[in-house]
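There are 2 protein chains.
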Amino acid sequence: MTITVYGTAASGNCHKVKIVLDVTGRAYVWRETDIMKAETRTREFLRLNPNGKVPVVVLEDGAALAESNAILWYFGEGTPLIPSDRLRRARMLQWMFFEQYTHEPAIAVARFIRVFQQRVDDPRLPELLTRGHRALTVMEQHLAQHAFFPGEHMSLADLALFAYTHRADEGGFDLAPFPAVRAWLDRCRALAGVTEMPAP
Amino acid sequence: MTITVYGTAASGNCHKVKIVLDVTGRAYVWRETDIMKAETRTREFLRLNPNGKVPVVVLEDGAALAESNAILWYFGEGTPLIPSDRLRRARMLQWMFFEQYTHEPAIAVARFIRVFQQRVDDPRLPELLTRGHRALTVMEQHLAQHAFFPGEHMSLADLALFAYTHRADEGGFDLAPFPAVRAWLDRCRALAGVTEMPAP
Numbered sequence: 001m002t003i004t005v006y007g008t009a010a011s012g013n014c015h016k017v018k019i020v021l022d023v024t025g026r027a028y029v030w031r032e033t034d035i036m037k038a039e040t041r042t043r044e045f046l047r048l049n050p051n052g053k054v055p056v057v058v059l060e061d062g063a064a065l066a067e068s069n070a071i072l073w074y075f076g077e078g079t080p081l082i083p084s085d086r087l088r089r090a091r092m093l094q095w096m097f098f099e100q101y102t103h104e105p106a107i108a109v110a111r112f113i114r115v116f117q118q119r120v121d122d123p124r125l126p127e128l129l130t131r132g133h134r135a136l137t138v139m140e141q142h143l144a145q146h147a148f149f150p151g152e153h154m155s156l157a158d159l160a161l162f163a164y165t166h167r168a169d170e171g172g173f174d175l176a177p178f179p180a181v182r183a184w185l186d187r188c189r190a191l192a193g194v195t196e197m198p199a200p
Numbered sequence: 201m202t203i204t205v206y207g208t209a210a211s212g213n214c215h216k217v218k219i220v221l222d223v224t225g226r227a228y229v230w231r232e233t234d235i236m237k238a239e240t241r242t243r244e245f246l247r248l249n250p251n252g253k254v255p256v257v258v259l260e261d262g263a264a265l266a267e268s269n270a271i272l273w274y275f276g277e278g279t280p281l282i283p284s285d286r287l288r289r290a291r292m293l294q295w296m297f298f299e300q301y302t303h304e305p306a307i308a309v310a311r312f313i314r315v316f317q318q319r320v321d322d323p324r325l326p327e328l329l330t331r332g333h334r335a336l337t338v339m340e341q342h343l344a345q346h347a348f349f350p351g352e353h354m355s356l357a358d359l360a361l362f363a364y365t366h367r368a369d370e371g372g373f374d375l376a377p378f379p380a381v382r383a384w385l386d387r388c389r390a391l392a393g394v395t396e397m398p399a400p
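As you go down the protein sequences, you meet chains W and U in turn.
Residue numbers for the first sequence follow my numbering, beginning at 1 and rising by one.
Residue numbers for the second sequence follow my numbering, beginning at 201 and rising by one.
If you want it as structure tokens, here you go:
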């Protein structure tokens, strides 16, 4: 059985899965799943992921795996995308948890409100912009000293952070004050298999 | 140099670190850090974690590591707390990302507002209660079929989810409708080194 991805093409969390599969050269079928039509809340979908979220991958043997960064880990194992050094491996996970806890809930949610819900005057946006700028500042500080996350070689943490950062403008974020972030995005784009996320 | 933990004893994310160090039998020094007095925003602290959050551990060689679940990973390596099977390892991470993305932002944040900020009438609480109940329901469904997360043996995902679940009452959550969750909490408590989080 071919790997099947249940995902929304214009979702960064889903686009991460496309990127890791393309970068590692795996064959897969993409089943476009529309979150705005509640296709993640059907009984069939909830059997794959009781938490009702995309992305989900169904592996060759029929096992389902959810949470974008856990999926990155699964396909990254055995490749140079996971550092062989123990501390670097933990630091890669540190940035992946930073991505899901600090970066995504600000930058991706602002984009979701503006682009998917088309509510550019939503009262939550100013606070999300402040928090998102803080996350970008933390990234800028790191990238002023290192080529990638966590260190000098591209890892799963780069793929995770690339997903919403390269479309941060759609969330209302201006990357002009973050030159190290912009240079890092270009270094990510140079890797075969890293593609731009399509517009919603 | 002894391992140093910068943490707030009554924070679940910090209590996870205490638990994994106690469970794996490591010596460490605990440096109590008061988030309510902005002790995570000092210049000295930001050198350890530019993201300005506890917990942070400083390892024997002086290297700093942040993000509670990345710290769990670091100390869990080479122990039975990380499954040896590739799919199970990814599923463990699935539950750890569920914890940080879906569980903690509802259950821990509700507790923070009620207990640390003492705002029991905060307008955000009803929505947080709804989301937290949904997370507990996802856990209950899993635990009706499995002893632990992700499967039949205790893993880092159990330690991560134990931290805020066993104090969910302080966030306004009633665990009475979740018998499988309550039985699982008792199975976690049976492991040497797993302790209750102190009151704030």
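All C-beta atoms in this analysis are idealised placements derived from N, C-alpha and C, irrespective of residue type, glycine included.
For clarity, every value in this text was computed on a predicted model and none was experimentally measured.
Three CB pairs or more closer than 8 Å across the region 279 to 288 of chain U and the region 302 to 313 of chain U: no
Contact set for residue 266/U: own chain, Cβ-Cβ below 6 Å, skip 5 residues either direction: 249, 256
Nearest to residue 163/W (by Cα), restricted to the options 9/W, 2/W, 5/W, 1/W: 9/W
Three-state secondary structure (DSSP) of residue 3/W: strand
Test item: CB-CB of residue 54/W and residue 42/W under 7 Å: no
Residue environment, residue 330/U, which counts as buried when at least 16 other CB atoms sit within 10 Å: exposed
Alpha-carbon to alpha-carbon, residue 86/W and residue 274/U: 7 Å
Limits of the beta strand (DSSP E) - the one that residue 232/U falls within: 228 to 232
Identity of the residues DSSP links to residue 402/U by a beta bridge: Chain U is shown only over 201 to 400; residue 402/U falls outside these bounds and no answer can be derived.
Interface flag, residue 129/W vs chain U, CB-CB below 7 Å: no
Cβ neighbours of residue 181/W in the same chain (closer than 7 Å, five flanking residues each side left out): 136, 139, 140, 143, 165, 175
Per-residue burial, residue 150/W [other beta carbons within 10 Å of its own, 16 or more giving buried]: buried
Residues from the region 335 to 369 of chain U in contact with chain W, defined by Cβ distance under 9 Å: 335, 337, 338, 341, 342
Inter-residue Cα distance where the pair is residue 205/W and residue 303/U: For residue 205/W there is no data in the structure shown, the boundaries of chain W being 1 and 200.
Sub-7 Å separation of residue 385/U and residue 299/U beta-carbons: no
Within 7 Å, strictly: CB atoms of residue 27/W and residue 96/W: no
Interface residues of chain W facing residue 273/U [CB-CB closer than 7 Å]: 90, 93
Cut-off 8 Å between Cβ atoms - residues of its own chain near residue 92/W, not counting five sequence neighbours on either side: 82, 83, 149, 150, 155, 156, 157
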